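Enquirer:
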Amino acid sequence: MNHLIKQQIVRLGQEANLPWPQSLPLALLQIQTKPRTKEKLSPFEMLYGRPYGVQKGISTQIGEERLTAYMIALGKQLRKTEKHVAGTQSRGLDGPVHDIQPGDYVYVKSLTEKTLEQWEGPFQVLLTTYTAIKIQEQNAWIHHSRVKKAPKAPWKVTPGDKELKLKFTRTK
């Protein structure tokens, strides 16, 4: 987007001999009123339901009846535009983008700056969404890109026969 704005400012500066502070509003207007290829509508049309410019015969100063009729027509046009634009845009996610389930154990990447990546945990996952994970130790949800599954423990610990004994067995 910045590249487009810069191109428009340079072009307006060359054609109209305007300094960039005066060219900027014109460049932004030109970008906002130019129809996009995918939707075949400009951002202005998507927002206001009509092309940029004054339409003949429609004035908000003629009276309340004309204003009411104009607002109703504008609302209908906006609904048509919303349906058209919604049909051309991509849908959201259909399913999770990770394979972590509630009950799994995960490591969470630390946000503190260190020379090597630091992982905290393991923490047990309480809830998941398509892109986030919730653990008990943090109030905020964690994005799946900051989490990795903890490997299953190779050893299983069970209480032994006596009170102070533990039995370690290797799981495969």
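Per this note's numbering, the very first residue in the sequence shown carries number 3; after that it's consecutive.
The beta carbon of each residue, even a glycine, is placed where N, CA and C say it ideally should be.
None of these values were measured; they are calculated from a predicted model.
Please state the DSSP three-state secondary structure of P161.
Expert: In the sequence shown, the residue the question calls residue 161 occupies position 159. The answer is strand: DSSP assigns P161 an E or B state.
Enquirer: Would you mind working out which of G51, T117, E115 sits nearest K85, comparing C-alpha positions?
Expert: Position 83 of the sequence shown holds residue 85. When only C-alpha atoms are compared, the closest one is G51.
Enquirer: So is A29 buried or exposed if we call it buried at 16+ other beta carbons inside 10 Å?
Expert: Taking the first residue of the sequence shown as position 1, residue 29 is located at position 27. Answer is buried; the Cβ neighbour count reaches 16.
Enquirer: State the start and end residues of the unbroken alpha helix (DSSP H) segment that holds R13.
Expert: In the sequence shown, the residue the question calls residue 13 occupies position 11. Segment 4 to 18, the alpha helix (DSSP H) holding R13.
Enquirer: Enumerated in chain order, which unbroken segments of the alpha helix (DSSP H) with a length of 4 residues or greater are wholly contained in the segment 29 to 96?
Expert: The qualifying runs are 45 to 50, 66 to 90.
Enquirer: Could you give the residue range of the beta strand (DSSP E) that holds I137?
Expert: For the purposes of this step, residue 137 is taken as the residue at position 135 of the sequence shown. Unbroken beta strand (DSSP E) run through I137: 134 to 137.
Enquirer: So, for G43: in the same chain, excluding its five sequence neighbours on each side, which residues have a beta-carbon less than 8 Å away from its beta-carbon?
Expert: Residue 43 sits at position 41 when you count from the first residue of the sequence shown. Strictly speaking, residue 43 in this sequence is Leu, with Gly absent from that position. Answer for L43: P37, T83, H86, V87, listed in chain order.
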